[in-house]
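Peer 1: In the UniProt record's numbering, the protein residues as written are 1 to 124.
Even glycine gets a Cβ: it sits at the ideal position worked out from N, Cα and C.
Computed from a predicted model, the values in this text were never measured in an experiment.
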Amino acid sequence: FSGDSEGEATLAHQLTISYVRQDYEDNQGTLSEFAEKNQLDYTQFLNNLRKLGMERAVFTNRIEQMSMGQRKKVEVAKSLSQSAELYIWDEPLNYLDVFNHQQLEALILSVKPAMLVIEHDAHF
C-alpha cells in the first residue's frame with residue numbers, strides 16, 4: 001500500500017489500552033526504576049520477563065545496556081504487566097528469535113488478552 005488513508009476509530013469511554021511500541025529506545029534505567037516509573041507490579045513484571053526467556057543475570061543490567069531483543073522483551077513484559085481491556089502491539093516480534101516467538105505466543109495464549117497486533121510475520 002502506498003498512499004494516504006483516512007478513517008475513524010471510536011473507542012469506548014474509559015477504555016484502558018496497553019501498547020507495545022515499535023520505537024522504545026527511550027526505555028532507560030534499571031528494571032526496578034522502569035517498573036516504578038510505569039507503575040508496574042515489579043514481581044509480575046519480572047515474572048513476565050522470565051516467561052519471555054530473559055535470564056535473571058540480565059535483571060541487574062540497565063535497559064540501555066541490553067541487546068535490542070532484551071529491550072523488546074522489556075517493552076512486551078511492560079504491556080503484559082498492565083491491566084487493560086485492549087492490547088495494541090506494533091511488531092512485537094522485531095529482534096526476537098524463533099524460540100522467543102514461541103515463548104511470546106505461549107505467554108499470549110496463557111493470558112488470553114483482547115489484542116490488535118501489527119506484524120509482518122504471517123505465521124504469527
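Between the alpha carbons of GLU36 and SER81, how many angstroms are there, rounded?
Peer 2: For the purposes of this step, residue 36 is identified with residue 36 of the sequence shown, where counting begins at 1. For the purposes of this step, residue 81 is identified with residue 81 of the sequence shown, where counting begins at 1. Approximately 12 Å, taken between the alpha carbons.
Peer 1: With C-beta atoms as the reference, is THR16 less than 8 Å away from SER83?
Peer 2: On the sequence shown, residue 16 is found 16 positions in, with the first residue counted as 1. On the sequence shown, residue 83 is found 83 positions in, with the first residue counted as 1. Cβ atoms of THR16 and SER83: closer than 8 Å.
Peer 1: Taking the straight line between their C-alpha atoms, what separation do you get for GLN14 and ARG21?
Peer 2: To locate residue 14, count along the sequence shown from 1; it is residue 14. To locate residue 21, count along the sequence shown from 1; it is residue 21. For GLN14 and ARG21, the distance between alpha carbons rounds to 21 Å.
Peer 1: Here's the rule I'm using: 16 or more other beta-carbon atoms within 10 Å means buried, otherwise exposed. How should ASN38 be labelled?
Peer 2: Along the sequence shown, one-based indexing puts residue 38 at 38. ASN38 should be labelled exposed.
Peer 1: Counting only runs of 3+ residues fully inside the stretch 23-95, write out the beta strand (DSSP E) ranges in chain order.
Peer 2: Complete beta strand (DSSP E) runs here, min 3: 86-90.
Peer 1: Counting only beta-carbon atoms, is LYS73 nearer than 8 Å to chain D?
Peer 2: Note that chain D does not occur in the displayed structure, where there is just one protein chain.
Peer 1: At which residues does the alpha helix (DSSP H) containing SER110 begin and terminate?
Peer 2: As a working mapping, residue 110 is identified with position 110 in the sequence shown. Residues 98-111.
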